[in-house]
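Per this note's numbering, the sequence shown runs over residues 132 to 716. Backbone N, C-alpha and C define an ideal beta-carbon position, used for all residues, glycine too. Quick caveat, the model's predicted, so the values are computed rather than measured. Here's the structure we're looking at; comments come further down.
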Amino acid sequence: MGVGFISCIPRPTNSQDKILAYADTLIRKSYYDSALQILGSVSPESLYTPASQARYALLLTQAYDKNYIRHTDDSLIRIAVKYYDNSKDESMCAKAHYYWGRVYQDNKDVIGTVREFMKALPIANKTQDYDLLCLLHSNLGHLLYTHGLLEEADSVYQQAERMASEHKDSLRWVVSLIKRADICMERGEGFYLEAERKLLKAQTILSSGGNTPLAKKMLYSLASLYQYMGRTEEAIETVHNFFIIESDTAKYFASFLIVGSSFYKEGQYDSATYYLKRAVQSKSYYTKYGAYMRLADVARIQGRYSEALQYEDAYIAYKDSAMKEEYPAKVIATLKDMFYHQSVYQYETFMSRYRLYILLLSIVLLITISSIVWRHFTGQHKVKLSLLNQQDIQTKTGVLEQLLQEKRDEISLLEQSCAESEGDRIKQLQINSCLNGLLEEERRIVSDLKALLEQKEEEIKQLKGIKFKRLIEDTSIYQRLLYIKDENAKNSTGKMNLEEEDWEELLSEIDLVSFDFTTRLVDRYDALVDNDIRFCCLIKLGFKFSEIALILGCSVDAVYKKEKSILRRMDMEHTIRLKEILRNI
Numbered sequence: 132m133g134v135g136f137i138s139c140i141p142r143p144t145n146s147q148d149k150i151l152a153y154a155d156t157l158i159r160k161s162y163y164d165s166a167l168q169i170l171g172s173v174s175p176e177s178l179y180t181p182a183s184q185a186r187y188a189l190l191l192t193q194a195y196d197k198n199y200i201r202h203t204d205d206s207l208i209r210i211a212v213k214y215y216d217n218s219k220d221e222s223m224c225a226k227a228h229y230y231w232g233r234v235y236q237d238n239k240d241v242i243g244t245v246r247e248f249m250k251a252l253p254i255a256n257k258t259q260d261y262d263l264l265c266l267l268h269s270n271l272g273h274l275l276y277t278h279g280l281l282e283e284a285d286s287v288y289q290q291a292e293r294m295a296s297e298h299k300d301s302l303r304w305v306v307s308l309i310k311r312a313d314i315c316m317e318r319g320e321g322f323y324l325e326a327e328r329k330l331l332k333a334q335t336i337l338s339s340g341g342n343t344p345l346a347k348k349m350l351y352s353l354a355s356l357y358q359y360m361g362r363t364e365e366a367i368e369t370v371h372n373f374f375i376i377e378s379d380t381a382k383y384f385a386s387f388l389i390v391g392s393s394f395y396k397e398g399q400y401d402s403a404t405y406y407l408k409r410a411v412q413s414k415s416y417y418t419k420y421g422a423y424m425r426l427a428d429v430a431r432i433q434g435r436y437s438e439a440l441q442y443e444d445a446y447i448a449y450k451d452s453a454m455k456e457e458y459p460a461k462v463i464a465t466l467k468d469m470f471y472h473q474s475v476y477q478y479e480t481f482m483s484r485y486r487l488y489i490l491l492l493s494i495v496l497l498i499t500i501s502s503i504v505w506r507h508f509t510g511q512h513k514v515k516l517s518l519l520n521q522q523d524i525q526t527k528t529g530v531l532e533q534l535l536q537e538k539r540d541e542i543s544l545l546e547q548s549c550a551e552s553e554g555d556r557i558k559q560l561q562i563n564s565c566l567n568g569l570l571e572e573e574r575r576i577v578s579d580l581k582a583l584l585e586q587k588e589e590e591i592k593q594l595k596g597i598k599f600k601r602l603i604e605d606t607s608i609y610q611r612l613l614y615i616k617d618e619n620a621k622n623s624t625g626k627m628n629l630e631e632e633d634w635e636e637l638l639s640e641i642d643l644v645s646f647d648f649t650t651r652l653v654d655r656y657d658a659l660v661d662n663d664i665r666f667c668c669l670i671k672l673g674f675k676f677s678e679i680a681l682i683l684g685c686s687v688d689a690v691y692k693k694e695k696s697i698l699r700r701m702d703m704e705h706t707i708r709l710k711e712i713l714r715n716i
């Protein structure tokens, strides 16, 4: 495969940098064997610049990894890490730390592996290197899962699932769903339904694309889940489907354990024994001790106590062997601590970005509001002052109403105290004095509130007397309405029309100066559609039917019919004029 591809790409003839670029191209095209062959022809002594030495070190480590050649030491990748840590190339820096983690992984250094993956992760997130992010999440999630850090692993796989979904990457999406379902099963019975949802979703995705290795994994996980849930018939049927697509009989043993356990739960002990005995042939200690545990239970139920003891001994022996494969508590604690600090770092980074976004958004909003105020201020400052006065009146009214309620509460308490201290003459006089003062203050507040309400009513009357046309006649969208009307009056063919963005701008301008006219209109007459609301806005602006016909590019007769249609939706009589209804909204 590599040879055929090489013939299609021009071979480099001069510098070592061109050879490195050529090898990089081969790796990107997944011709890993050819890339390794090309890099093998490069003499490290011929690389004179730190940049070329670092690139060579990273590419060669990457080529080894892609060709499944075990990394024995980290002397090569350290060259790349040291250089890219001090460079501005964040993409290469993320790759260098990832492959340093892969070197640690090959050498069974779990802490070193996770440390380097976590260094690479935020950089890869920043550069949005999707392929590298997938590799990081896959490896990191697996390490955390195998060390029993289920919440941390689920968090990593959840991010992988989100990315795969956004990129429409069905295969990686399925992998993430299966992994998260396995984690749900590990968490226990309360998460079984969530696991089933994820596996069935994975099954749906696979049914459209088809990927046999993933289908096998999905079926095995689903069969295990059904067995845990006690849905034994579904578990056995799912294993049967697994056997149909799995040709390697050496991979049947774990499935035999599922079938045997299902028959055991059904009370079919002979069938259970048959499959459990086949399961103990597995090389996995976990499968062996699970099968021997069930065999011991079956033998005890059937009264074969001697066999039960033998099976229990085997179960204990293989369980001990399985436990020896588990990782030390110190390693797990270190991983948990590393993941926690990484999460804190990501949270602080997010909050820093969030504050920046809020600041930028505030600036943008301030500029936008300033431009709107400036645009509408000319020729309309009286209207704006009136609107501001309205807001000021509403604020003052709210404050006075709250103060009035507080005073009334105080009066109520004093009246209660007065009743309780009926025998104490001096105390009663003091309370009555306070009560009179509060009642006087209440009357003053009520008087001020009444004056404010009268002022508010007067302002509303003034606003109602101002037509929409006067409020927005200087805006660009209103001028465009007039232009379209005039142009359509001149030309009988090739009518001009308002675009969608023009309508949005017009409705926005109207709502801005009318306390949301369109919102009130829809609230009152919810059967109206978008075109009805637009028509009503033109009526509200004071356009005649002949002018509306020109703006909409239709006949006057069509405009009259439109009015009747809107009145029907409003449940109004046809004798009523639409503009009379809109005048009071």
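Here the C-alpha atom of Thr244 lies approximately 18 angstroms from the C-alpha atom of Ala188. In this structure, Gln358 sits away from Ile336, with a CB-CB distance that is not shorter than 7 angstroms. In this structure, the beta-carbon distance from Leu330 to Leu350 does not fall below 7 angstroms.
When C-beta atoms of the stretch 183-202 are compared with those of the stretch 220-237, three or more pairs fall below 8 angstroms, so the two segments count as touching. Collapsing the DSSP output to three states places His705 in coil.
By the Cβ neighbour-count rule, Ser392 is buried, with 16 or more other Cβ atoms within 10 Å of its own. Non-local beta-carbon contacts of Asp313 in its own chain, meaning distances under 8 angstroms to residues more than five positions away in sequence, involve Tyr276, Ala326, Ser352 in chain order. In this structure, Val173 sits away from Ile208, with a CB-CB distance that is not shorter than 7 angstroms. The continuous alpha helix (DSSP H) containing Pro253 extends over residues 241-258. Following the DSSP letters along the chain, one finds Thr156 inside the alpha helix (DSSP H) bounded by residues 147-159.
Contact between the stretch 648-665 and the stretch 690-701 is present, with at least three C-beta pairs closer than 8 angstroms. For Gly673, the number of other beta carbons within 10 angstroms of its own is below 16, and it is reported as exposed. Thr363 counts as buried, since no fewer than 16 other beta carbons sit within 10 angstroms of its beta carbon.
When the Cα atoms are used, Lys450 and Leu426 turn out to be separated by approximately 14 angstroms.
Residue state for Leu629 is assigned as coil, using DSSP reduced to three classes. In this structure, DSSP gives Ala333 a helical state, which the three-state scheme calls helix.
Within its own chain, the residues whose Cβ lies closer than 6 angstroms to the Cβ of Ala620, once the five positions on either side in sequence are excluded, are Leu681, listed in chain order. If you compare the alpha carbons of Asp428, Ile641, Ala251 with that of Phe394, the shortest gap goes to Asp428. Contact check for Lys414 and Phe373: beta-carbon distance about 19 angstroms, past the 8 angstroms limit, so the pair fails to qualify. In the DSSP assignment, Gly391 falls within the alpha helix (DSSP H) that extends over 384-397. Contact between the stretch 291-299 and the stretch 314-324 is absent: fewer than 3 CB-CB pairs across the two stretches fall below 8 angstroms. For Lys219, there is no enclosing alpha helix (DSSP H), as DSSP gives it neither H nor E. In this structure, Asp196 places its C-beta atom within 7 angstroms of the C-beta atom of Arg233. Here DSSP, grouped into helix, strand and coil, assigns Cys315 to helix. Per DSSP, Glu678 is one residue of the alpha helix (DSSP H) stretching across 676-683. Boundaries for Val173: no alpha helix (DSSP H) harbours it, and the DSSP string shows neither H nor E there. Closest in alpha carbon position to Glu292, among His278, Glu283, Leu308, is Leu308. For the pair Ile608 and Met627, the CB atoms are not nearer than the 7 angstroms cut-off.
The DSSP-derived three-state label of Phe646 is coil.
In this structure, DSSP gives Asn622 a state outside helix and strand, which the three-state scheme calls coil.
Between Ala439 and Ala445, the CB-CB gap reaches or exceeds 7 angstroms. Taken through DSSP and simplified to helix, strand or coil, Leu178 comes out as coil.
With a 10 Å radius around the Cβ and a threshold of 16 neighbouring Cβ atoms, Lys671 comes out buried. Setting aside the 5 residues that flank it on each side, Gly684 is surrounded in the same chain by Asn619, Lys626, Met627, Asn628, each with a C-beta closer than 8 angstroms to its C-beta; the list follows chain order. By the neighbour-count criterion, in which a residue is buried when 16 or more other Cβ atoms sit within 10 angstroms of its Cβ, Phe646 is exposed. Between Tyr261 and Ala255, the alpha-carbon positions lie close to 8 angstroms from each other.
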